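Here's the structure we're looking at; comments come further down.
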Amino acid sequence: RNVSSVRIVEVGPRDGLQNEAKILPTTTKIEFINRLSKTGLKNIEATSFVSAKWIPQMGDNVDVMKGIEKVDGITYSAIVPNMKGFEDAVETKTTEIAIGGSASETFTKKNFNCTIAEGVERVKSIMKAAKEKNIKVRGYVSTVISCPYEGKIKPSEVAKISEMLLKAGCYEISLGDTIGVGTPNSISEMLKEVLKVAPVETFAIHYHDTYGQALSNILASLDLGISVVDASVSGLGGCPYARGASGNAATEDVVYMLHGCGVKTGIDLELLIDAGKFICEELGRQSESKVNRATRKI
Ligand code: HMG
Ligand code: MG
């Protein structure tokens with residue numbers, strides 16, 4: 012492979028739980044994140060400071076961020092869609108936030124109730140405030156292959172939004188195949204265009220597994236030098252405003268594949284499987300991770 016180590020960004024507590032029908036008690040979410048902290052993960056997206064009217068599953072965001080045991084060397088981040096969310100980030104001493112962008116007008120409207128242009132203005136005010144408070148900002152670009160409302164998205168549009176977010180001050184861009192329709196070919200085509208605007212180290216990938224392509228797409232991305240991968244333990248979740256979107260690539264499966272290919276992650280697979288088992292039992296659902304099912308029969 013083109014990379015020898017990969018940094019995994021665990022998005023299960025946010026992307027995972029935001030789309031689960033069952034709303035878990037705050038204490039369970041805290042226990043889940045504390046377990047993830049013991050696996051060797053260095054980046055955990057713990058929650059999102061969004062409106063509970065839009066995403067009730069994240070309604071206890073402040074309590075979750077305040078309640079978790081923050082281990083030195085691990086970054087606990089959260090999505091911030093507007094200045095109200097930013098205030099929550101400051102109140103909870105969150106050191107890294109994530110902001111969203113998409114090349115699709117309709118997706119932006121459904122997800123953040125604004126136009127792309129208004130979204131850019133929100134991003135600018137959040138970035139300015141984050142700079143003042145010394146908070147790192149990660150940028151998401153969603154629907155990088157296709158939008159559930161507008162269809163195919165041009166790679167050049169993805170490159171344009173990525174460039175805008177980088178110029179605004181994001182330190183990293185996570186490229187989201189929100190509805191998981193990409194294949195290694197369309198993913199590589201998109202990445203080649205995006206890599207024209209910034210070095211490969213600037214980009215992370217965030218692939219949902221709706222069509223069972225996430226692992227193959229991750230591998231295709233690694234071959235182009237990508238070394239930061241978002242994943243969700245046990246393949247939980249999806250985006251509530253992208254109908255039919257299933258969870259991200261399951262972290263257990265990604266780690267199993269990478270270790271099998273000789274790529275280091277620093278993650279203890281056994282402890283990760285335990286964390287996946289724990290959260291699936293709490294949700295009363297089966298794990299979407301093949302590795303978890305193969306080893307634990309849940
Ligand atoms: P809005 O309704 O236009 O906002 O929503 P508003 O300013 O008119 O406020 C409406 C109410 O919400 C008010 O309460 C506000 O106080 C409250 P009321 O006065 O009616 O009682 N409110 C808030 N409460 C808590 N925290 C806040 C906040 N803001 C307003 N931050 C808004 C606009 C952006 C808030 C809304 O659209 C929203 O919360 N959207 C979030 C949607 C979301 O989280 N989507 C999923 C994440 S994106 C994703 O999953 C994709 C990704 O994984 C990448 C990929 O897969 O591609 C990242
Ligand atoms: Mg997502």
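Okay, so the sequence shown: first residue is 12 according to UniProt numbering, each after it adds one. Ideal Cβ positions, reconstructed from N, Cα and C, are used throughout, including at glycine. From a predicted model like this one, the values you see are computed outputs, not experimental measurements.
- Task: Note down the Cα distance separating N145 from A305, rounded to an integer number of angstroms.
- Result: Position 134 of the sequence shown, counting from 1, holds the residue named residue 145. Position 294 of the sequence shown, counting from 1, holds the residue named residue 305. Rounded to whole angstroms, N145 to A305 spans 44 Å at the Cα level.
- Task: Take G27 and list the residues in its own chain whose beta-carbon comes closer than 6 Å to its own, dropping the five residues that flank it on each side.
- Result: Numbered from 1 along the sequence shown, position 16 holds the residue referred to as residue 27. Only S243, L247 and G248 meet the Cβ criterion.
- Query: DSSP puts G111 in a beta bridge; with which residues?
  - Reply: Reading the sequence shown from its first residue, position 100 is the one you call residue 111. In the DSSP output, where bridge partners are listed per residue, G111 has Y151.
- Output yes or no for whether 9 Å exceeds the beta carbon distance between R46 and N93. Your numbering for residue 46 matches position 35 in the sequence shown. Your numbering for residue 93 matches position 82 in the sequence shown. No, the Cβ-Cβ distance between R46 and N93 is not below 9 Å.
- Beta-carbon separation of V274 and R12 under 9 Å? If you number the sequence shown from 1, residue 274 lands on position 263. If you number the sequence shown from 1, residue 12 lands on position 1. Closer than 9 Å, so yes.
- Message: With three or more C-beta pairs closer than 8 Å as the rule, is the stretch 71-78 touching the stretch 116-131?
- Response: no
- Message: My assumption, with CB atoms under 8 Å, is that I190 sits in contact with T221. Please give the rounded CB distance.
- Response: Start at 1 with the first residue of the sequence shown, and residue 190 comes out as number 179. Start at 1 with the first residue of the sequence shown, and residue 221 comes out as number 210. At roughly 6 Å, the Cβ-Cβ gap stays under 8 Å, so I190 and T221 are in contact.
- Message: Quick check: V211 and L186, are their CB atoms within less than 9 Å of each other?
- Response: Locating residue 211 in the sequence shown gives position 200, where the first residue counts as 1. Locating residue 186 in the sequence shown gives position 175, where the first residue counts as 1. For V211 and L186, no; Cβs fall outside 9 Å.
- Item | C-beta contact flag for N303 and I278 at 9 Å | As a position in the sequence shown, residue 303 is number 292, starting the count at 1. As a position in the sequence shown, residue 278 is number 267, starting the count at 1. Taking 9 Å as the Cβ cut-off, N303 and I278 do not qualify as a contacting pair.
- Query: Is the Cβ-Cβ distance between A89 and F60 less than 9 Å?
  - Reply: Numbered from its first residue, the sequence shown carries residue 89 at position 78. Numbered from its first residue, the sequence shown carries residue 60 at position 49. Contact: yes.
- Where I309 and Y182 are concerned, what is the direct C-alpha to C-alpha distance, given to the nearest angstrom? By 1-based counting over the sequence shown, the position of residue 309 is 298. By 1-based counting over the sequence shown, the position of residue 182 is 171. In this predicted model, I309 has a pLDDT of only 46, less than 50, meaning its place in the structure is not dependable enough to derive any value.
- Message: Helix, strand or coil for L185? Go by DSSP, reduced to three states.
- Response: One-based indexing of the sequence shown puts residue 185 at position 174. According to the sequence displayed, residue 185 carries Ser and not Leu. Reduced to three states, the DSSP call for S185 is strand.
- Message: Under DSSP, the alpha helix (DSSP H) around V169 begins and ends at which residues?
- Response: Counting from 1 along the sequence shown, the entry for residue 169 is found at position 158. Unbroken alpha helix (DSSP H) run through V169: P166 to A179.
- Item | DSSP-derived helix/strand/coil call for K163 | Position 152 of the sequence shown, counted from the start, is the residue given in the question as residue 163. K163 falls in the strand class under three-state DSSP.
- Message: Please state the DSSP three-state secondary structure of I237.
- Response: Numbered from 1 along the sequence shown, position 226 holds the residue referred to as residue 237. Three-state DSSP puts I237 in coil, outside helix and strand.
- Task: Determine the burial state of I193: buried for a count of at least 16 other Cβ atoms within 10 Å of its Cβ, exposed for fewer.
- Result: On the sequence shown, residue 193 is found 182 positions in, with the first residue counted as 1. Reading off the sequence, residue 193 comes out as Gly, not Ile. Classification for G193: buried.
- Query: Going along the chain, which residues of its own chain have a beta-carbon closer than 6 Å to the beta-carbon of N72, five neighbours each way excluded?
  - Reply: Residue numbering aside, residue 72 sits at position 61 when the sequence shown is read from its first letter. Contacts found: T58 and F60.
- S153: beta carbon under 8 Å from a heavy atom of the ligand MG? Locating residue 153 in the sequence shown gives position 142, counting from the first residue. For the ligand MG, at least one heavy atom lies less than 8 Å from the Cβ of S153.
- Task: Would you check if the distance between the CB atom of G23 and the CB atom of N259 is smaller than 9 Å?
- Result: By 1-based counting over the sequence shown, the position of residue 23 is 12. By 1-based counting over the sequence shown, the position of residue 259 is 248. In this structure, N259 lies closer than 9 Å to G23 by Cβ.
- Neighbourhood of G180 by C-beta, 8 Å cutoff - its chain only, sequence neighbours within 5 removed: To locate residue 180, count along the sequence shown from 1; it is residue 169. Correct list, in chain order: M138, A141, K142 and V148.
- Message: Using 9 Å as the threshold, is the C-beta distance between G295 and S245 below it?
- Response: Locating residue 295 in the sequence shown gives position 284, counting from the first residue. Locating residue 245 in the sequence shown gives position 234, counting from the first residue. No, the Cβ-Cβ distance between G295 and S245 is not below 9 Å.
- Message: Beta-carbon within less than 6 Å of L280's beta-carbon, same chain only, minus the 5 sequence neighbours each way: which residues are those?
- Response: For the purposes of this step, residue 280 is identified with residue 269 of the sequence shown, where counting begins at 1. Cβ neighbours of L280 beyond the five flanking positions: V266.
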